């Protein structure tokens, strides 16, 4: 027997209501039940009684309350489970109150036990108690007394218990009485199913619920007739027999539309072209459909549809011929103008082609003829034809065409023509000039006749001048031939020559410049008239010049320092004029204009959402697949704008896509496109499998090598260098805003707080952005940005130093449990984060450089990138960590003097050690760095690059180099005073 649940949610539609399938119901059983009882005498007894509707039913009773130690068993017949994995047992019974029984001792009970036993057959004829498994002890909510029996008030109890049955074909139920006065009025056994239903045009069959109360059974639906899958249709059958919300679904195929959960055929005169179309539509103008289920309507006679025309577009006709074609001849040029066709055929894509032919040659093959703006697909009604031949008859044909001209086969007939004759014209320029017989004071020129003389050449004119004079002083020569001898020139001088021809129509244009140089006197041989003193002086001067150049090169490399972010940006722009500059989308009055300029619109049907992976500021973030035409399918992340958004939220949402759309770098999150033409609005980006960097590092704590961590930092620095080159400030650089893909490539993302560097003159010197307000991530933000809300690339460098600390510490929270006010105060007092555990010294030194108080002292992202590249190429520099035993240490003696103690004998010298010298100039912070790098004396410092060791703060470089040079000069002076003259 099948019935619907009565306890399901009333708000759910009927298709979701669960179904109960009954396996056993004693109320409907014909005749006696004859269940097995133990003991067979004196225990459970089958009795016929009348129910509340005066219908006879079979019940079992037992009431041995006066006898101690009762163990009465009653077992049902074998019950096939019919595929059920969890069955429900509903027991209706009455129970006598022990207190109402006279003379009853403490053996009276008011409960009974329910058992079950799974079996593959029904051949078990006796009850084996040990094989049964207890389900529960059942107690009555209400019991009756003898008075109740007299008044015929029987208090009926109903209890339901569920049992998991999955290992055998069927099962037995057993009831154990241990001393109660009880009557089993009815026993019903049933299981639940999710019923057959149709959702989203997919049919889901009857499905038995799962074995566990929390289990979900996944069911794949099948598309109804005349439909196809849009996304794989799935639903989950819950343990309570209710269907959960469907996923995916089907669409009616072309020629069919959805009605009442089925696909109905489109009637005559209607069509549906694609399954994604909403429904059948009436045939567009000038088309028809004579049968049901039409996908595309046919065009009437004389009307056509182009291949690119959508099925919803009306059928159209080719245009008629252009009107009123007029021509104006100017020497060898012709201006053609005409009026549009009288009939455009119902289309707006009319264009024009111009063909021509001449009376002398196969002129259409002449590639020198120029059409402006073009010869074919003209969108204007005017064209200028130039570079024609003089005194030639030309016929011009202007054709009107549109999208269906080729389909109709009548394109050539829709034309108008005109015949003109060109006038006399000057010759074209000379294209080739060569020089021969070049001497110290003369040369000979020869050239070829112009490609288009346009008549008889009467003479040639040659103009020439010294290249250095740049045509300020030139000479003219004329000749009737195609050559000329030019004399009176200066030796070893470059001359520029131009040649032009003249006919009866006048001079043509000068040729392009041709450069030729005269010869010079040979150099005298050494020893023949050369002054030896002059030769010696020249050689000495050359040597001094080389020495000065080398000194300048060395000093320049030693004293290179960080320039300010703005200056560095301006210099890079000057050296790379083609660098793309970021455009702030908030400068657009209409946000849609910015989004369409910087982002590609994607058809929502190309996106397949699979699951929700998080919540963003604007709405849900999902993962899915994107398949564009002609491209392979890729996994993407989909941000959607939640319903009920404000205009500001929409503008901010689109602005983030407009920002990402301007970037193209392997370490910047890539924008695939946007969906703005339907709701919800979506931003589609590449999918980063490993999520945010901070969570990824915490999940894999201690599992990466130092080189792998530096590689991650290198990728982030590369992305930030790209952004700074575009004059772009991120403002929210943190590990949580770095995404990681499956190849451990880190990409900068989350541009919600980002802004461009202002070009206003008041901020040009500092290259900063004045924030209009809002929250600032204190732990990642530079002091000047916190205090004055001024952001720059230098403040991004500070944030990058915090990101370095996060990476090396595997996602630990910067400044730990300190509150924001304590963080601000500590930074102002000079506190900086210590090196994380096992952090290489050079990496922590780079962090400290990023956290310099003065912005100009911080490195640029270009310098950071170079530094990380050097570390990757020389991994040995990463072995020295802050936790290692130091190479040297400064100890206080009882006398208060500093004594250098070292485990490396060469580091601490008797007279003036490196560690003592660093302490004397206040630079002891670099003691371990220099010692680990092998510095044993001061003279080594002048021959090493400090930035190679991680000492890249400009002021610190200046102090160290100045002090080294000072010590070196002092040593040289001491040597000069102590030298003994020979």
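Numbering (this note's numbering), first residue to last: 37 to 1018.
Glycine included, each C-beta is placed from N, C-alpha and C at the ideal position.
Keep in mind it's a predicted model, so treat the numbers as computed, not measured.
Asked	Found
Cβ-based neighbour list, residue 499, same chain, cut-off 6 Å, excluding 5 preceding and 5 following	510, 512, 534
Among 542, 55, 551, 276, nearest to residue 506 - alpha-carbon criterion	551
Beta bridge counterpart(s) of residue 644 as assigned by DSSP	661
Cα-Cα separation between residue 294 and residue 675, rounded to whole angstroms	30 Å
Nearest neighbour of residue 909, chosen from 214, 835, 746, 734 [CA to CA]	746
Beta-carbon separation (whole angstroms), residue 901 vs residue 757, contact threshold 8 Å	5 Å
Residue of 857, 869, 364, 130 minimising C-alpha distance to residue 850	869
For residue 902, three-class secondary structure by DSSP	helix
Sequence-distant residues of the same chain with beta carbon closer than 8 Å to residue 451, five excluded per side	357, 358, 433, 434, 435, 436
Cβ-Cβ separation, residue 917 to residue 877 (assumed contact under 8 Å), whole Å	7 Å
Cβ-based neighbour list, residue 438, same chain, cut-off 8 Å, excluding 5 preceding and 5 following	352, 354, 355, 380, 381, 383, 385, 386, 387
Top-ranked residue by Cα proximity to residue 367, from 464, 768, 302	464
Rounded separation between residue 347 and residue 687 - CA only	35 Å
Distance CB(residue 372)-CB(residue 454) smaller than 9 Å	yes
With 16 other Cβ atoms within 10 Å as the buried cut-off, status of residue 769	buried
Nearest-angstrom Cβ-Cβ length linking residue 133 and residue 180, presumed shorter than 8 Å	7 Å
Cutoff 7 Å; reference residue 95; Cβ partners in own chain excluding five residues on either side	83, 85, 219, 220, 221
Residues of its chain near residue 420, where Cβ-Cβ distance is below 7 Å and the 5 sequence neighbours each way are ignored	369, 371, 408
Close beta carbons around residue 709, own chain, < 7 Å, minus the five adjacent residues each side	635, 636, 637, 638, 720
Closest Cα partner of residue 666 within the set 682, 642, 672	642
Extent of the continuous alpha helix (DSSP H) to which residue 839 belongs	829-844
Proximity of residue 624 and residue 698 at Cβ, strictly below 9 Å	no
Element boundaries [alpha helix (DSSP H), containing residue 637]	Run containing residue 637: none; DSSP gives neither H nor E here.
Whole-number beta carbon distance between residue 859 and residue 825, since they are thought to touch under 8 Å	Residue 825 to residue 859, Cβ: 17 Å. No contact.
Contacts around residue 349, its chain only, beta-carbon distance under 8 Å, and the 5 residues preceding and following it disregarded	320, 341
Own chain partners of residue 191 with C-beta closer than 6 Å, once the 5 adjacent residues on each side are dropped	178, 180
Span of the beta strand (DSSP E) around residue 384	Careful: residue 384 lies outside any beta strand (DSSP E) and carries neither H nor E.
Buried or exposed (CB count within 10 angstroms, at least 16 for buried), residue 568	Because the pLDDT at residue 568 is just 45, under 50, the model does not fix this residue reliably, and the value given afterwards should be weighed accordingly. Classification for residue 568: exposed.
Sheet register partners of residue 128 (DSSP bridge)	194, 222
As assigned by DSSP and simplified to three states, the class of residue 501	strand
Extent of the continuous beta strand (DSSP E) to which residue 271 belongs	263-273
DSSP three-state assignment for residue 885, whether helix, strand or coil	helix
Terminal residues of the alpha helix (DSSP H) in which residue 691 lies	683-696
Buried or exposed (CB count within 10 angstroms, at least 16 for buried), residue 891	buried
Delimiting residues of the alpha helix (DSSP H) encompassing residue 820	819-824
Own chain partners of residue 738 with C-beta closer than 8 Å, once the 5 adjacent residues on each side are dropped	846
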